[in-house]
Amino acid sequence: MKITFYGHASLGIEVGGRHIIVDPYISANPKAAHIDIDTLKANYILVTHAHGDHILDVEAIAKRTNAVIISNAEIAGYYGAKGFQSHPMNHGGSWNFDFGKLKYVNAIHSSSFPDGSYGGNSGGFVIEGEHKNVYIAGDTALTMDMKLIPMRTKLDLAILPIGDNFTMDVEDAIIASDFLDCDKILGYHYDTFGYIEINHEESIRKFFDKGKDLMLLEIGDFIEL
Ligand code: NI
Ligand code: MN
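Whatever position you read off the sequence shown (first residue = 1), add 1078 for this note's numbering.
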């Protein structure tokens, strides 16, 4: 499994020979100016919630690639009504896709579209694929529900927001990684705007002091599991 960071909460995941884009917010992010969304491969687009900083480039990528948009029922319905391919899910439900098993799980956050449309309830995703399992938290507060995930899935990587203000901060993300029983963390949702700037070295050290590995990727860089 290959995971590429496209800035903010945007990810590219290659798994099972398929290409997944998560929460694309790239074309308006000046820090990601070197990423051209017209070059991104996508069989699927995962959307954690409807906020503008997670859906900005969904339509452009879906239109070009004909990717299936996977999200909660309300977001899937919103894009389905516009003629895009979509797959609706809701909290607690899983589906076996051709890249692996995907579960939509709870997140503590809000979810309305920039145009005011109802965006259902925010979520995160657990991907089980190619003997590697990844949790993508989405925008969320620390929540006890995270303790449920390792009861079903042994995680190899947890992708957690660490920028504070709109989501967990580093201290809460450390507790989250305990709840998730996963000491390998990819941080995201930081530095994009003034509200969520973090000190990288201090954040990495705080995880290190608890025996955990926080990875912060440059935009466009990737890790392989
Ligand atoms: Ni949000
Ligand atoms: Mn966000």
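We treat Cβ as the ideally placed atom computed from N, Cα and C, and that holds for glycine. Note that the structure is a prediction, hence the values are computed from the model and not measured.
8 Å or more divides the Cβ of Tyr1156 from the Cβ of His1169. Sorted by position in the chain, His1129 and Asp1217 make up the residues whose C-beta lies under 5 Å from a heavy atom of ligand 1. Taking one beta carbon from each stretch, the region 1100-1117 and the region 1227-1234 have fewer than 3 pairs nearer than 8 Å; the two do not touch.
Taken from the Cβ of Ala1087, at least one heavy atom of ligand 2 lies inside 7 Å.
For a cut-off of 8 Å, the C-beta gap from Gly1094 to Glu1208 is around 6 Å, short enough to register as a contact. When only Cα atoms are considered, Gln1163 and Val1146 end up about 5 Å apart.
In this structure, the straight-line span from the alpha carbon of Phe1286 to that of Lys1141 is close to 42 Å. Per DSSP, reduced to three states, the secondary structure at Tyr1156 is helical.
The Cβ-Cβ distance between Ile1148 and Ala1120 does not fall below 8 Å.
Annotation: Tyr1266 to Ile1099 spans about 15 Å, alpha carbon to alpha carbon.
It is roughly 17 Å from the alpha-carbon of Glu1152 to the alpha-carbon of Trp1173. Within its own chain, the residues whose Cβ lies closer than 6 Å to the Cβ of Ile1263, once the five positions on either side in sequence are excluded, are Ala1236, Leu1238, Ser1255 and Leu1292, listed in chain order. With a cutoff of 7 Å, His1112 does not count as near ligand 2, since its C-beta is closer than that to no heavy atom of the ligand.
Taken atom to atom, the span from the alpha-carbon of Ile1104 to that of Lys1288 is near 33 Å.
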